[in-house]
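Okay, structure first, notes after.
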Amino acid sequence: VAGAAWSPREASAVQKELELGPHRIQVSAPDGWDVLDQGAQKRFRKGEADIVLQNMGKVEWEPALASLQDDQRRDVKSRRTLTIDNHDAMEIETWNRLDHTWPQLLLFIRADEDLLAIHTTRLADADTVKAFESIRDSLHLSASVRR
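In our numbering, the protein residues as written are 10 to 156.
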(Lines of atoms letter the chains of each structure in order from A and count residues from 1; the text may use other names and numbers.)
(Lines give C-alpha, C1' and ligand atoms only; values in the text may rest on other atoms or scores of the structure.)
Protein backbone atom coordinates (compact mmCIF):
# COMPACT_ATOMS: atom_id res chain seq x y z
CA VAL A 1 0.00 0.00 0.00
CA ALA A 2 2.84 2.42 0.79
CA GLY A 3 4.22 1.91 -2.72
CA ALA A 4 0.91 2.98 -4.28
CA ALA A 5 1.39 6.56 -2.99
CA TRP A 6 4.67 6.93 -4.88
CA SER A 7 4.64 7.85 -8.55
CA PRO A 8 7.38 8.30 -11.17
CA ARG A 9 6.18 11.89 -11.73
CA GLU A 10 7.05 12.79 -8.14
CA ALA A 11 10.46 11.17 -8.48
CA SER A 12 11.32 13.22 -11.58
CA ALA A 13 10.64 16.59 -9.94
CA VAL A 14 14.06 17.89 -8.94
CA GLN A 15 14.22 20.52 -6.21
CA LYS A 16 16.49 23.44 -7.15
CA GLU A 17 17.85 26.12 -4.87
CA LEU A 18 18.03 29.51 -6.58
CA GLU A 19 19.37 32.86 -5.41
CA LEU A 20 17.41 36.03 -6.10
CA GLY A 21 19.53 38.75 -4.56
CA PRO A 22 19.50 38.08 -0.82
CA HIS A 23 16.72 35.50 -1.10
CA ARG A 24 17.13 31.75 -1.35
CA ILE A 25 14.29 30.02 -3.17
CA GLN A 26 13.70 26.28 -3.38
CA VAL A 27 11.53 25.25 -6.30
CA SER A 28 10.85 22.14 -8.37
CA ALA A 29 11.05 22.35 -12.13
CA PRO A 30 8.04 20.76 -13.84
CA ASP A 31 8.64 17.60 -15.89
CA GLY A 32 10.27 18.46 -19.22
CA TRP A 33 11.09 22.05 -18.23
CA ASP A 34 14.68 23.32 -17.99
CA VAL A 35 15.83 25.86 -15.42
CA LEU A 36 18.17 28.53 -16.74
CA ASP A 37 20.00 30.69 -14.19
CA GLN A 38 20.52 34.08 -15.82
CA GLY A 39 21.63 35.89 -12.68
CA ALA A 40 18.86 38.37 -11.90
CA GLN A 41 16.31 36.19 -13.71
CA LYS A 42 15.66 32.47 -13.52
CA ARG A 43 13.86 31.00 -16.52
CA PHE A 44 11.82 27.83 -16.72
CA ARG A 45 11.75 26.89 -20.38
CA LYS A 46 10.19 24.18 -22.49
CA GLY A 47 10.44 24.80 -26.22
CA GLU A 48 9.03 28.26 -26.83
CA ALA A 49 7.18 28.36 -23.50
CA ASP A 50 8.85 30.52 -20.88
CA ILE A 51 8.19 31.32 -17.20
CA VAL A 52 10.41 33.86 -15.42
CA LEU A 53 11.24 34.14 -11.71
CA GLN A 54 12.85 37.42 -10.64
CA ASN A 55 13.34 39.87 -7.80
CA MET A 56 11.59 43.15 -8.66
CA GLY A 57 13.19 44.95 -5.72
CA LYS A 58 11.48 47.42 -3.42
CA VAL A 59 8.33 48.11 -5.44
CA GLU A 60 4.60 47.77 -4.89
CA TRP A 61 2.23 45.36 -6.71
CA GLU A 62 0.77 47.77 -9.27
CA PRO A 63 4.03 49.27 -10.61
CA ALA A 64 5.46 45.74 -10.83
CA LEU A 65 2.39 44.55 -12.73
CA ALA A 66 2.64 47.48 -15.14
CA SER A 67 6.33 46.83 -15.77
CA LEU A 68 5.72 43.18 -16.70
CA GLN A 69 2.84 43.80 -19.11
CA ASP A 70 3.70 43.23 -22.75
CA ASP A 71 1.62 46.16 -23.99
CA GLN A 72 -1.08 48.65 -23.00
CA ARG A 73 -3.96 46.48 -24.30
CA ARG A 74 -4.16 44.24 -21.24
CA ASP A 75 -6.76 44.10 -18.50
CA VAL A 76 -6.73 42.19 -15.23
CA LYS A 77 -9.04 39.20 -15.64
CA SER A 78 -8.67 37.90 -12.08
CA ARG A 79 -6.74 38.65 -8.92
CA ARG A 80 -6.48 36.64 -5.74
CA THR A 81 -4.47 37.01 -2.57
CA LEU A 82 -2.80 34.02 -0.99
CA THR A 83 0.01 33.08 1.33
CA ILE A 84 3.07 31.25 0.09
CA ASP A 85 5.40 29.89 2.72
CA ASN A 86 4.17 32.52 5.23
CA HIS A 87 4.63 35.40 2.75
CA ASP A 88 1.84 37.57 1.36
CA ALA A 89 1.29 36.91 -2.34
CA MET A 90 -1.00 37.99 -5.14
CA GLU A 91 -1.78 35.92 -8.23
CA ILE A 92 -3.02 37.83 -11.27
CA GLU A 93 -4.27 36.73 -14.66
CA THR A 94 -4.45 39.28 -17.45
CA TRP A 95 -5.83 39.10 -20.98
CA ASN A 96 -6.19 41.21 -24.09
CA ARG A 97 -8.88 43.79 -23.40
CA LEU A 98 -10.17 43.75 -26.98
CA ASP A 99 -10.99 40.07 -27.41
CA HIS A 100 -10.21 38.45 -24.01
CA THR A 101 -7.50 36.22 -25.48
CA TRP A 102 -3.77 35.88 -24.88
CA PRO A 103 -3.79 35.17 -21.11
CA GLN A 104 -0.74 35.96 -19.02
CA LEU A 105 -0.15 34.70 -15.45
CA LEU A 106 1.72 36.62 -12.77
CA LEU A 107 2.46 35.86 -9.13
CA PHE A 108 3.94 38.42 -6.76
CA ILE A 109 5.38 37.42 -3.39
CA ARG A 110 6.40 39.91 -0.72
CA ALA A 111 9.73 38.73 0.75
CA ASP A 112 11.01 41.16 3.37
CA GLU A 113 11.27 44.49 1.54
CA ASP A 114 11.43 42.93 -1.93
CA LEU A 115 8.74 41.84 -4.35
CA LEU A 116 9.47 38.53 -6.09
CA ALA A 117 7.65 37.83 -9.34
CA ILE A 118 6.90 34.75 -11.38
CA HIS A 119 5.30 35.39 -14.75
CA THR A 120 4.62 33.91 -18.14
CA THR A 121 6.19 35.83 -21.00
CA ARG A 122 3.95 34.59 -23.80
CA LEU A 123 0.52 33.05 -24.22
CA ALA A 124 -0.28 30.96 -21.17
CA ASP A 125 -1.52 27.81 -22.91
CA ALA A 126 -2.70 24.76 -20.93
CA ASP A 127 0.81 23.27 -20.59
CA THR A 128 2.26 26.59 -19.41
CA VAL A 129 -0.58 27.10 -16.91
CA LYS A 130 0.06 23.62 -15.49
CA ALA A 131 3.80 24.36 -15.21
CA PHE A 132 3.12 27.77 -13.60
CA GLU A 133 0.88 26.13 -10.98
CA SER A 134 3.48 23.43 -10.35
CA ILE A 135 6.20 26.04 -9.80
CA ARG A 136 3.92 28.08 -7.52
CA ASP A 137 2.97 25.03 -5.47
CA SER A 138 6.59 23.92 -5.02
CA LEU A 139 8.00 27.28 -3.84
CA HIS A 140 9.80 27.48 -0.54
CA LEU A 141 11.49 30.70 0.57
CA SER A 142 14.47 30.24 2.87
CA ALA A 143 15.58 32.95 5.25
CA SER A 144 16.95 36.08 3.58
CA VAL A 145 20.66 36.74 3.91
CA ARG A 146 20.17 40.52 3.71
CA ARG A 147 22.69 42.34 5.81
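In this text, a Cβ means the ideal position worked out from N, Cα and C, and glycines have one as well.
{"Query": "Among Pro-39, Ala-98, Asp-97, Pro-31, which one has its Cα closest to the Cα of Gly-66?", "Result": "Pro-31"}
{"Query": "Whose C-beta lies closer than 6 Å to the C-beta of Ser-143 among residues of the same chain, with five residues either side of it excluded?", "Result": "Pro-39"}
{"Query": "Mind reading off the beta-carbon distance from Gly-41 to Lys-25? Whole number of angstroms is fine, and I expect it under 8 Å.", "Result": "Not really, about 15 Å apart at Cβ, beyond 8 Å."}
{"Query": "When we look at the beta-carbon of Ala-75 and count the other beta-carbons within 10 Å, is it buried (16 or more) or exposed?", "Result": "exposed"}
{"Query": "What does the alpha-carbon distance come out to for the pair Ala-120 and Asp-46?", "Result": "20 Å"}
{"Query": "Using the three-state DSSP reduction, which class does Asp-136 fall into: helix, strand or coil?", "Result": "helix"}
{"Query": "Can you check which of these residues, Phe-53, Arg-145, Leu-116, is closest to Ala-44 by C-alpha distance?", "Result": "A quick correction: the sequence has Val, not Ala, at residue 44. Of the listed residues, the one whose Cα sits closest to Val-44 is Phe-53."}
{"Query": "Distance, Cα to Cα, Arg-33 vs Leu-116?", "Result": "17 Å"}
{"Query": "Pick helix, strand or coil for Leu-148, following the three-state DSSP scheme.", "Result": "coil"}
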